[in-house]
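*Asks:* Before I ask anything, let me first share the structure, which is written out below as structure tokens.
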Amino acid sequence: MGIEEKLKELEDEMARTQKNKATEYHIGILKAKIAALRREIIAPKRSGVRTGGFDVKKSGDATVVFIGLPSVGKSTLLNALTGSKSKVASYAFTTLTCIPGVMEYKGAKIQLLDLPGIIVGAKEGKGRGKEVLAVARNADLVLILLDVFQPGILPKIKEELGGIGMRLDEPPPQIYLTKKLRGGVEINSTVKLTHLDERMILGVLNEYGIHNASIVLREDATVEQLIDVLAANRRYSRLLVVLNKVDMVSDQYLKQIQFDFVPVSAEKGKNIEELREAIYQKLALIRVYTKPRTESADLKEPMMMRSGSTIEDACSRLHRDLARDFKYALVWGKSAKFPGQKVGLQHILVDGDIFTIVKKQG
Numbered sequence: 102m103g104i105e106e107k108l109k110e111l112e113d114e115m116a117r118t119q120k121n122k123a124t125e126y127h128i129g130i131l132k133a134k135i136a137a138l139r140r141e142i143i144a145p146k147r148s149g150v151r152t153g154g155f156d157v158k159k160s161g162d163a164t165v166v167f168i169g170l171p172s173v174g175k176s177t178l179l180n181a182l183t184g185s186k187s188k189v190a191s192y193a194f195t196t197l198t199c200i201p202g203v204m205e206y207k208g209a210k211i212q213l214l215d216l217p218g219i220i221v222g223a224k225e226g227k228g229r230g231k232e233v234l235a236v237a238r239n240a241d242l243v244l245i246l247l248d249v250f251q252p253g254i255l256p257k258i259k260e261e262l263g264g265i266g267m268r269l270d271e272p273p274p275q276i277y278l279t280k281k282l283r284g285g286v287e288i289n290s291t292v293k294l295t296h297l298d299e300r301m302i303l304g305v306l307n308e309y310g311i312h313n314a315s316i317v318l319r320e321d322a323t324v325e326q327l328i329d330v331l332a333a334n335r336r337y338s339r340l341l342v343v344l345n346k347v348d349m350v351s352d353q354y355l356k357q358i359q360f361d362f363v364p365v366s367a368e369k370g371k372n373i374e375e376l377r378e379a380i381y382q383k384l385a386l387i388r389v390y391t392k393p394r395t396e397s398a399d400l401k402e403p404m405m406m407r408s409g410s411t412i413e414d415a416c417s418r419l420h421r422d423l424a425r426d427f428k429y430a431l432v433w434g435k436s437a438k439f440p441g442q443k444v445g446l447q448h449i450l451v452d453g454d455i456f457t458i459v460k461k462q463g
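With the working numbering applied, the sequence shown corresponds to residues 102 to 463, in that order.
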């Protein structure tokens with residue numbers, strides 16, 4: 102029996118199983134088995150032969166990928182945001198490769214990637230789906246573009262992305278696993294667990310061949326979250342949903358849609374500036390400025406960093422040896438208690454901060 106047949110057999114069994122307290126353990130183990138098989142299906146074959154995938158080099162301060170069905174307007178939107186010339190037509194699969202563009206906004210250079218449209222079954226490889234989704238896994242932000250007349254396809258697209266291990270707008274589970282050579286499994290939790298018990302945790306660990314480990318749960322995790330941690334191949338990305346062609350419907354129609362979205366008309370140029378701002382905000386970028394000790398700060402060229410970045414992160418961006426030679430930093434801006442505050446490597450920068458790095462002598 103092949104992997105696909107085993108997977109279908111397990112999925113059919115789970116569909117037949119009634120969900121109740123008595124079957125919780127059985128369903129949890131089935132989910133672990135299914136996740137393990139799906140991992141085998143989507144794993145790249147190590148044949149050493151290139152399959153014509155999209156060789157995309159990340160550039161700029163962040164990368165955004167456009168995901169959607171064929172002919173929803175991804176190429177038109179890329180052109181509207183960047184001026185790139187991605188081929189546009191009113192039939193499916195106009196874009197047959199990955200078209201990059203750069204959107205410059207508030208000092209940031211944001212790489213946008215127009216990918217070929219995906220279809221249901223993309224995670225199994227239909228319609229070059231594996232290649233499209235592989236690029237999406239490496240993006241900082243997934244922009245799902247929907248046709249205004251097909252908003253109901255959103256769950257299917259999310260399912261395709263989830264099938265390759267992507268978790269959209271979800272924080273990584275606070276589950277920490279340390280494998281050991283002996284001693285069995287030690288389970289500790291800092292919160293009350295309502296979805297998992299010792300039997301379930303041990304059963305799922307067993308499915309992944311883990312018999313000696315220490316596991317700490319710092320949240321009331323589900324079996325799906327436990328499986329995500331054990332799979333160790335999940336990608337946690339930000340999500341922005343955009344509804345295109347809104348010029349063709351009424352405001353009343355839009356109000357009936359039950360999820361958050363940015364309304365645009367790529368062809369008419371409607372709400373493009375609002376979308377630029379939404380992308381920028383979703384990426385959580387901040388602008389910081391370097392200042393030499395005896396000179397003024399150059400406020401024309403910001404250094405773009407992620408929200409929550411520290412002085413140490415800034416040192417790493419400036420030079421690989423700077424953190425090693427670091428003595429202290431001086432900071433001006435909202436993160437400083439007073440202008441020119443002396444801080445250490447773990448000081449967190451905020452948007453608009455100016456800083457000077459002082460190195461050790463000798």
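Heads up, the beta-carbon is just placed ideally off N, CA and C, and yes, glycines get one too.
Reducing DSSP to helix, strand and coil, say where residue 256 ends up.
*Replies:* Note: residue 256 maps to helix in three-state DSSP.
*Asks:* Per DSSP, what are the beta-bridge partners of residue 248 in this structure?
*Replies:* Beta-bridge pairing links residue 248 to 345.
*Asks:* If you draw a straight line from the C-alpha of residue 126 to the C-alpha of residue 111, how long is it?
*Replies:* 15 Å
*Asks:* Helix, strand or coil for residue 162? Go by DSSP, reduced to three states.
*Replies:* coil
*Asks:* Going along the chain, which residues of its own chain have a beta-carbon closer than 7 Å to the beta-carbon of residue 147, five neighbours each way excluded?
*Replies:* Residue confidence for residue 147 is low, a pLDDT of 46 falling below 50, so the modelled location carries little weight; the figure read from the coordinates is stated next. Cβ neighbours of residue 147 beyond the five flanking positions: none.
*Asks:* Among the residues of its own chain, which have a CB less than 6 Å from the CB of residue 208, if the five just before and after it don't count?
*Replies:* 388, 403, listed in sequence order.
*Asks:* Using CA coordinates, which residue listed in 262, 456, 446, 271 is at the minimum distance from residue 440?
*Replies:* 456
*Asks:* In the DSSP output, what is residue 406 paired with across the bridge?
*Replies:* DSSP output for residue 406 lists 387 as bridge partner(s).
*Asks:* Rounded to a whole number of angstroms, what is the C-alpha to C-alpha distance between residue 406 and residue 364?
*Replies:* 28 Å
*Asks:* Residue 202 bridges to which residues according to DSSP?
*Replies:* 213
*Asks:* Mind checking whether residue 425 and residue 336 have CB atoms under 8 Å apart?
*Replies:* no
*Asks:* Tell me whether the stretch 283 to 291 and the stretch 310 to 317 touch, counting them as touching only if at least three CB pairs, one residue from each stretch, are closer than 8 Å.
*Replies:* Per the Cβ contact rule, the stretch 283 to 291 is in contact with the stretch 310 to 317 (3 or more Cβ pairs under 8 Å).
*Asks:* Just the C-alpha distance for residue 176 and residue 429, rounded to the nearest angstrom, thanks.
*Replies:* 47 Å
*Asks:* Strictly by DSSP, which residues pair up with residue 336?
*Replies:* 267
*Asks:* Taking 8 Å as the threshold, find out whether the stretch 258 to 276 comes into contact with the stretch 347 to 354 through three or more Cβ pairs.
*Replies:* no
*Asks:* I'd like to know whether the C-beta atoms of residue 80 and residue 164 end up nearer to each other than 8 Å.
*Replies:* The structure shown has nothing for residue 80, since the chain only spans 102 to 463.
*Asks:* Reducing DSSP to helix, strand and coil, say where residue 315 ends up.
*Replies:* strand
*Asks:* Tell me the DSSP secondary structure of residue 277 in three-state form.
*Replies:* Residue 277: strand per DSSP, three-state reduction.
*Asks:* Can you check which of these residues, 417, 254, 106, 259, is closest to residue 173 by C-alpha distance?
*Replies:* Ranking 417, 254, 106, 259 by Cα distance to residue 173 puts 254 first.
*Asks:* Any contact between the stretch 388 to 402 and the stretch 370 to 377? By contact I mean 3 or more CB pairs, one from each, below 8 Å.
*Replies:* no
*Asks:* Please report how far the alpha carbon of residue 114 lies from the alpha carbon of residue 345, in whole angstroms.
*Replies:* 39 Å
*Asks:* Leaving out the 5 sequence neighbours to the left and right, which residues in its chain are closer than 6 Å to residue 459 when beta-carbon positions are compared?
*Replies:* 428, 429
*Asks:* Within 10 angstroms of the Cβ of residue 326, are there 16 or more other Cβ atoms? Answer buried if so, exposed if not.
*Replies:* When all chains shown are included, residue 326 counts as buried.
*Asks:* Given a cut-off of 8 Å, decide if residue 161 and residue 119 are closer than it, judged by their beta-carbon atoms.
*Replies:* no
*Asks:* Quick check on residue 451: does DSSP put it in helix, strand or coil?
*Replies:* The three-state reading of DSSP puts residue 451 in coil, since its state is none of H, G, I, E or B.
*Asks:* Which of the three DSSP states is assigned to residue 287 in this structure?
*Replies:* In the three-state scheme derived from DSSP, where H, G and I count as helix and E and B as strand, residue 287 is classed as strand.
*Asks:* Using alpha carbons as the reference points, say which of 338, 305, 295 lies closest to residue 330.
*Replies:* 305
*Asks:* Give every residue of the same chain whose Cβ lies closer than 6 Å to the Cβ of residue 413, excluding the five residues on either side of it in the sequence, and list them in chain order.
*Replies:* 424, 446
*Asks:* With a CB to CB cut of under 7 Å and the five nearest residues on each side skipped, what residues in its chain are close to residue 324?
*Replies:* 129, 132, 296, 297, 301, 305
*Asks:* Take the Cβ of residue 134 as the centre, count every other Cβ of all protein chains shown within 10 Å, and call the residue buried at 16 or more, exposed below.
*Replies:* buried
*Asks:* Report the partner residues of residue 364 according to the DSSP bridge assignment.
*Replies:* 344
*Asks:* With DSSP collapsed to three states, give me the class of residue 128.
*Replies:* helix
*Asks:* Helix, strand or coil for residue 116 per DSSP?
*Replies:* helix
*Asks:* Among residues of its own chain, excluding the 5 on either side of residue 191, which ones have a beta-carbon nearer than 8 Å to its beta-carbon?
*Replies:* Confidence at residue 191 is low in this model, with a pLDDT of 44, below 50, so the placement of that residue is unreliable and no value is reported for it.
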